[in-house]
Every structure is written in C-alpha cells, then in structure tokens.
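Asker:
2 protein chains.
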Amino acid sequence: MDIYEALYTTRAMRRVLPDPIPMDVQAQILDAAVRAPSGGNTQGWRFLLVDDHEVKAQLAPLYQQAIANLWQTIYADRVQAAAAEPDKPSSITTRKMMNSVQWMGDHFTEIPLLMFAFSAFDTSGGSIWPALWSAQLAARANGVGSAPTSILGIFHPEETFKILGVPTDQNWNLAAMVSFGYPKGVWGVAERRPAHKVSYRNHWGEPIGFEIDQPLWSPEA
Amino acid sequence: MDIYEALYTTRAMRRVLPDPIPMDVQAQILDAAVRAPSGGNTQGWRFLLVDDHEVKAQLAPLYQQAIANLWQTIYADRVQAAAAEPDKPSSITTRKMMNSVQWMGDHFTEIPLLMFAFSAFDTSGGSIWPALWSAQLAARANGVGSAPTSILGIFHPEETFKILGVPTDQNWNLAAMVSFGYPKGVWGVAERRPAHKVSYRNHWGEPIGFEIDQPLWSPEA
Numbered sequence: 000m001d002i003y004e005a006l007y008t009t010r011a012m013r014r015v016l017p018d019p020i021p022m023d024v025q026a027q028i029l030d031a032a033v034r035a036p037s038g039g040n041t042q043g044w045r046f047l048l049v050d051d052h053e054v055k056a057q058l059a060p061l062y063q064q065a066i067a068n069l070w071q072t073i074y075a076d077r078v079q080a081a082a083a084e085p086d087k088p089s090s091i092t093t094r095k096m097m098n099s100v101q102w103m104g105d106h107f108t109e110i111p112l113l114m115f116a117f118s119a120f121d122t123s124g125g126s127i128w129p130a131l132w133s134a135q136l137a138a139r140a141n142g143v144g145s146a147p148t149s150i151l152g153i154f155h156p157e158e159t160f161k162i163l164g165v166p167t168d169q170n171w172n173l174a175a176m177v178s179f180g181y182p183k184g185v186w187g188v189a190e191r192r193p194a195h196k197v198s199y200r201n202h203w204g205e206p207i208g209f210e211i212d213q214p215l216w217s218p219e220a
Numbered sequence: 000m001d002i003y004e005a006l007y008t009t010r011a012m013r014r015v016l017p018d019p020i021p022m023d024v025q026a027q028i029l030d031a032a033v034r035a036p037s038g039g040n041t042q043g044w045r046f047l048l049v050d051d052h053e054v055k056a057q058l059a060p061l062y063q064q065a066i067a068n069l070w071q072t073i074y075a076d077r078v079q080a081a082a083a084e085p086d087k088p089s090s091i092t093t094r095k096m097m098n099s100v101q102w103m104g105d106h107f108t109e110i111p112l113l114m115f116a117f118s119a120f121d122t123s124g125g126s127i128w129p130a131l132w133s134a135q136l137a138a139r140a141n142g143v144g145s146a147p148t149s150i151l152g153i154f155h156p157e158e159t160f161k162i163l164g165v166p167t168d169q170n171w172n173l174a175a176m177v178s179f180g181y182p183k184g185v186w187g188v189a190e191r192r193p194a195h196k197v198s199y200r201n202h203w204g205e206p207i208g209f210e211i212d213q214p215l216w217s218p219e220a
C-alpha cells in the first residue's frame, strides 16, 4: 500500500467484525510498532495483546464505566451542546463519535484484538504514540481497522493493571488501549480543518503561504 | 513509496543539508499531518513553520542551552555511564546520539525548516504525536529527513513562545519542534529490541506467541 493511502485513510474504526486477526498480521503490527522512534531511542515500551475472551470479559465492565465517566467529565460540554442544538454539524459529529464509542462498549468482548501500550519515563507521549500510530498504519495496510482510547488508563488504571498483571513498582504508564479488527464500515479520507487554517509561518498568526482546499491525496487520483 | 518502507526507514535524521524544502513538499507534510486522528477528533493543534534566518538565529542560543541542560538533567545517568565505560555498545549509542544532537545545535540556523507543534487540551500526547509522525512519514516519502525534539518546550517555553509570538492566554502547549531537511546520511532500518521481547499476550510476562528475529521488512526484499 502507498504511504499516502495509509496516512489519509487510517481513521478511528471502532465497529469491527469478530473475526480473529491472523498471527502473521499481529507480528507485522508489532514489528512496525517497534521500528518507530522514541526519545533518545530508549524504547521504554511494552505491548500487551489481549485476545482471550475471559480477559476481555473482565475488562468490559470497566470500559463501559469509563465511557459513562467520559461523557460526564471530559466530554460533558460537548454532550450538552449536542443535546441542546441537535441539528448543528458539530452536534451530529459528536453524536456519531458517541455512538461509535458506545458500540465498542456494547460489543467489547467481540473485538478480536486489543493492544495495551505501556510507556516508561515518557511524560510527553512522544515516545509511545509514534509506535501506536505505526501499529495502526501497518494494520491498515493489512485491511485491519483500529482505534486508540485512553479512558481505561484515565478512569480505571488500578483495576486494569490488576486484571492484566502489570507490575505496579516499575513506573509503567498505560498510554492507550488500541482495538483492532476487520472493519464493518468503509475506509475513507476523514474531513479536517484545512492545514492552512491551523498553520502559520515564522510568527503566530502569519499566513503559511499556501492554501490547501482539497486533500492532496484522494482515492480517485 | 510503500507504507512499510516509510515505517521502517524513517528515523531521527538530524544532520541535514541547508537546501530549502520546496513549498509543495511543505504543503504535503502539513496536509498529511492534519489527516491524523486526535482524541474526539478535536484537532486541537497549530503548526508553526520557521524558515526565516532571523527567527532561527533568535532560537539557536536557546536550543544550545537546552542541549547543555539535557545532558545535565534527563540524560545525566546515560552521559555518565557513557563516559565511565566508553566501549560498551550502549555507550557508543549514547555518544552517537549526543553527537547528532550537538551537530544540530552547532548548525541550528542552517536547518532549512523547523515545525513547532502546539496542542491544546491534550495531556497524553495522543492528539498531537500521530500528526507529527505522519508529517515525518510524508517528509520521508519526499526524501526529506526529520527529527523531533521536546527540549525547547521543556527548558525554555517562555522565551520560545515570546520569539514565536505564541499567545500565553490560550492554553497552548509546545509538544515538539521537528526539524526537516534533505539528509546528509543514508536511510536505513534502525536497530530495535525485537517485538517479542517487549510484548506479552493476555497477561504481563506471558509470551506473545511468535518470535521476530529479523525486521519483517528490509530494503533488499
């Protein structure tokens, strides 16, 4: 697969089929992950794959609670705004995202593969997120959808560590859980605010010097 | 370029030529960045490209101080270990990294393009680092090397914000500066601890179920 197709069409794919991910694809995902850079090349990471139904069943209620917490805390303003003005484009986007997250909560044990990513000595996230994004891009190249979430680590770190057997005396931080599965939906280029509206040149507020009105890669081209 | 070639050969490339990066390549780098996912698709990011010599000249002494701080603080243990046992493989790796960072400090104003990435409402880094890694991968596909660093934001946030004109009342966090330029060196697959040595299945410490003794992609294949 071309690098641009991967970069432009890999989006959060939460609704997935229960079909298992073959071992050689899992190996490709993990091998791509460890090729990513980390600060000072410390590689302070561990990846824990979960495909056992029993372990997923233990995690499911925690994840479902974490979703409920998410709507009431971090996303409270957006949830209220979406309820107050349901026809606004931003409200529709919020509802779509909530439905997709809720779908994952309702079908948690059917997701074929979960990757828990732990980092050490990394406060910025810069030494774990490139590896996770590489894992998602390698998955995409194999037709596998993925979606990262931080909510288990935010709302239920202790219970999650206990279920997964993570040692608590080694400074591991649960950066994210990434779900993997063959997609129910279709791949596509996600809509974004154009680059020239979120970029400046040499000084905050100064124009970047070009306008990008359409994505520079598209499936038709 | 194939996705695997990009994922496997994009490594920190600090020694670069002073040749400018064409505008269309800069546009491709930024457009790839904004296609990346962010938590709840908030896109709470700004990208500030610096190619003006005068701005680089103002930032250079800060960057050089930040390097000196880095060796004395975050990397102090590694620097001492490298000095104490200079022939150990880990000491050689540390010295290589230090030389490369120091090269960038000494040639700061000659680096053709710097990207400062700012994030809002993102404590985990998960809403900015995928965009930065996408920018680096898109650069790689265009033959442009890159290297992220967080040290200006760690050691000199106030002075950096002032030079770049970043508003201080909007909660922007300088996630990283990424340097870009055509490489002096060659691309290659970086050495890493193999995936099966940093991965577990279903429970911390349990074997992942496969061994990956050679990178699953190589330039020869």
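As given, the protein sequences belong to chains A and B, one line each in that order. Start counting the first sequence at 0; every next residue gets the next number (numbering that gives the first Met the number 0). Start counting the second sequence at 0; every next residue gets the next number (numbering that gives the first Met the number 0). Glycine included, each C-beta is placed from N, C-alpha and C at the ideal position.
Quick check for students: name the residue ranges of the beta strand (DSSP E) that lie wholly in the segment 7-53 of chain A, counting only runs of 3 or more.
Answerer: You should have 44-49.
Asker: Which residue comes first and which comes last in the beta strand (DSSP E) that contains B:Ala75?
Answerer: Run containing B:Ala75: none in the beta strand (DSSP E); it sits in the alpha helix (DSSP H), Ala75 to Ala83.
Asker: For the ligand GDP, any of its heavy atoms closer than 7 Å to the Cβ of A:Asp30?
Answerer: The ligand content of the structure shown is nil, which means the ligand GDP is not present either.
Asker: Compute the Euclidean distance between the alpha carbons of B:Gln71 and B:Ser178, then round it to the nearest angstrom.
Answerer: Near 23 Å, if we compare the C-alpha coordinates of B:Ser178 and B:Gln71.
Asker: Taking the CB atoms as reference points, tell me whether B:Ala130 and B:Ala35 lie closer together than 8 Å.
Answerer: Yes; because the gap between Cβ atoms is below 8 Å, this pair is in contact.
Asker: Helix, strand or coil, according to DSSP, for B:Ala138 in the structure here?
Answerer: Three-state DSSP puts B:Ala138 in a helix.
Asker: Report all residues from its chain with a CB closer than 7 Å to the CB of B:Thr148; omit the five preceding and five following residues, and keep chain order.
Answerer: Ala175 and Met176.
Asker: Could you tell me whether the Cβ of A:Val49 comes closer than 8 Å to any Cβ of chain B?
Answerer: Closer than 8 Å: yes.
Asker: Listing by chain order, which chain B residues have their CB less than 7 Å from the CB of A:His202?
Answerer: The contacting residues are Leu163 and Gly164.
Asker: Please say whether A:Ala134 and A:Ile28 have beta carbons closer to each other than 8 Å?
Answerer: Yes, these two residues count as a Cβ contact at 8 Å.
Asker: To the nearest angstrom, report how far apart B:Ala31 and B:Pro111 are at their CA atoms.
Answerer: Cα-Cα distance, rounded: 20 Å.
Asker: Can you list, in chain order, the residues of the segment 25-40 of chain B whose Cβ is nearer than 8 Å to any Cβ on chain A?
Answerer: Cβ contacts with chain A: Gln25, Ala26, Gln27, Leu29, Asp30, Ala31, Ala32, Val33, Arg34, Ala35, Pro36, Gly38, Gly39 and Asn40.
Asker: Going along the chain, which residues of its own chain have a beta-carbon closer than 6 Å to the beta-carbon of B:Phe120, five neighbours each way excluded?
Answerer: Only Gly43 meet the Cβ criterion.
Asker: So what does A:Val177 bridge to, in DSSP terms?
Answerer: Paired residue(s): A:Met114 and A:Pro147.
Asker: With distances taken between CB atoms, is the gap from B:Asn40 to B:Phe154 smaller than 8 Å?
Answerer: Taking 8 Å as the Cβ cut-off, B:Asn40 and B:Phe154 do not qualify as a contacting pair.
Asker: Run through DSSP, which three-state label would A:Arg192 get?
Answerer: It is coil, neither helix nor strand.
Asker: Can you pull the chain B residues whose beta carbon is under 8 Å from the beta carbon of A:Asp1, in chain order?
Answerer: Those are Met0, Asp1 and Ile2, listed as they occur along chain B.
Asker: Quick check: is the beta carbon of A:Val92 nearer than 8 Å to any beta carbon in chain B?
Answerer: The question names Val, yet the displayed sequence has Thr at residue 92 of chain A. So yes, A:Thr92 belongs to the interface.
Asker: What in chain B is Cβ-close to A:Met12, meaning under 7 Å?
Answerer: Those do not exist, as A:Met12 stays about 10 Å from chain B at its closest Cβ, beyond 7 Å.
Asker: What do you reckon, are the CB atoms on B:Arg200 and A:Leu48 nearer than 8 Å?
Answerer: Cβ distance < 8 Å, so B:Arg200 and A:Leu48 count as in contact.
Asker: Report buried or exposed for A:Thr93, applying the criterion of at least 16 other Cβ atoms within 10 angstroms of its Cβ.
Answerer: It is buried - the Cβ of A:Thr93 has at least 16 other Cβ atoms within 10 Å.
Asker: Just to confirm, is the Cβ distance from B:Leu151 to B:Ala59 under 8 Å?
Answerer: Contact flag unset, no.
Asker: Apply the 10 Å Cβ neighbour rule to B:Ser89 and answer buried if 16 or more other Cβ atoms are within range, or exposed otherwise.
Answerer: Exposed: under 16 other Cβ atoms inside 10 Å.
Asker: What's the call for B:Leu6, buried or exposed, on a 16-neighbour Cβ count within 10 Å?
Answerer: Buried, because 16 or more other Cβ atoms sit within 10 Å of the Cβ of B:Leu6.
Asker: Output needed in chain order: residues of the segment 176-193 of chain A with a Cβ under 8 Å from some Cβ in chain B.
Answerer: Those residues of the segment 176-193 of chain A that come within reach of chain B (Cβ to Cβ, closer than 8 Å) are Val188, Ala189, Arg191, Arg192 and Pro193.
Asker: For B:Asp225, which residues from the same chain have a beta carbon less than 6 Å from its beta carbon, with the 5 sequence-adjacent residues on both sides left out?
Answerer: Residue 225 of chain B lies beyond the residue range present for chain B, which begins at 0 and ends at 220; the question has no answer from this structure.
Asker: If we ignore side chains and look at the alpha-carbon of each, how far apart do A:Leu173 and B:Asn172 end up?
Answerer: Looking at the two C-alpha atoms, the distance is approximately 22 Å.
Asker: Please confirm whether A:Ile211 has its beta-carbon closer than 8 Å to some beta-carbon of chain B.
Answerer: Yes, because at least one Cβ of chain B sits closer than 8 Å to the Cβ of A:Ile211.
Asker: Secondary structure at A:Pro214, three-state DSSP: helix, strand or coil?
Answerer: If DSSP states are grouped into helix, strand and coil, A:Pro214 belongs with coil.
Asker: Counting along the chain, where does the beta strand (DSSP E) carrying B:Ser89 start and finish?
Answerer: Premise fails: B:Ser89 lies in the alpha helix (DSSP H), Pro88 to Asp105, not in any beta strand (DSSP E).
Asker: With a cut-off of 8 Å, does the C-beta of A:Ser89 fall near any C-beta of chain B?
Answerer: No, because no Cβ of chain B sits closer than 8 Å to the Cβ of A:Ser89.
Asker: Determine the DSSP secondary structure at A:Ser133, reduced to helix, strand or coil.
Answerer: Three-state result, A:Ser133: helix.
Asker: Counting only beta-carbon separations shorter than 8 Å, does A:Ile207 have a partner in chain B?
Answerer: For A:Ile207, the answer is yes, since a Cβ of chain B falls inside 8 Å of its Cβ.
Asker: Return helix, strand or coil for A:Pro206, following the three-state DSSP convention.
Answerer: Coil, per DSSP.
Asker: Does any residue of chain A have a CB that is nearer than 8 Å to the CB of B:Ser71?
Answerer: Reading the sequence as shown, one finds Gln at residue 71 of chain B and not Ser. Taking Cβ atoms only, chain A never reaches closer than 8 Å to B:Gln71, which makes this a no.
Asker: Under a CB-based cut-off of 8 Å, is A:Ala5 close to chain B?
Answerer: Taking Cβ atoms only, chain B reaches closer than 8 Å to A:Ala5, which makes this a yes.
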